[in-house]
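The numbering used here puts the first residue of the sequence shown at 23, with every later residue one more than the last.
Each residue gets a CB set at the ideal place from its N, CA and C atoms; glycine is no exception.
Here's the structure, in structure tokens; my notes come after.
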Amino acid sequence: MFQTILFPTDFSETAGRAYEKIKQLRTECSAQKIILMNVIDEREVDSLANLEGFYSIQLDNLRKEVSDELTRKAEQEFEPYKEELKQLGYQVEIRIVEGIPHEEIIKIANKEDAGLIVMGSHGKGIIQELLIGSTSEKVIRRSKCPVLIVK
């Protein structure tokens, strides 16, 4: 079947349900590796650049601090997932990247030759999704591998 499952998450409630589905898949498929992925949305981090009263160097420093903090939080959030999945027999890798979520998900899926992407139907940014379209919808349209969307 497939060897690698990609699990992009924003740690939302629907992403939590997608994670539960991955655990169920252990008995139903032959996947050996799970890639846990979090994308720090560069558009949200870049929105800091619109703050008035900051010098360019201050904005660069602030942007780096925000990105570093979001990375640390994602690493902490992933730790229990990583341990639980290892106990289930999966090899676990973590990818925390900055960019536009659907683009980064597709890049990692292609680079890692993912056989399946499992993700929540919608994340934390409901208003943003209404304005620019849902990440899951864009992943479905652009992915070369099957995508399992969990509500």
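Between the alpha carbons of residue i and residue j, how many angstroms are there, rounded?
i, j, result
"V172", "R94", "26 Å"
"Q46", "E87", "37 Å"
"A131", "I139", "8 Å"
"E105", "R39", "18 Å"
"Q54", "R117", "17 Å"
"E42", "Q80", "41 Å"
"K166", "I127", "11 Å"
Count the other CB atoms within 10 Å of the CB of residue i; is the residue buried (16 or more) or exposed (fewer)?
i, result
"D82", "exposed"
"L107", "buried"
"R65", "exposed"
"D135", "exposed"
"G142", "buried"
"S69", "exposed"
"T49", "exposed"
"P168", "exposed"
"D90", "exposed"
"S52", "exposed"
"P123", "buried"
"L28", "buried"
"P30", "buried"
In this structure, does DSSP put residue i in helix, strand or coil?
i, result
"K55", "strand"
"G137", "coil"
"T31", "coil"
"L170", "strand"
"E42", "helix"
On a CA-only basis, which of the options is nearest residue i? Give me that one, please.
i, options, result
"D32", "E50, R48, L58", "L58"
"R164", "E125, L170, K133, D63", "E125"
Name, in chain order, the residues that DSSP records as bridge partners for residue i.
i, result
"V119", "V61"
"Q113", "K55"
"T26", "K55"
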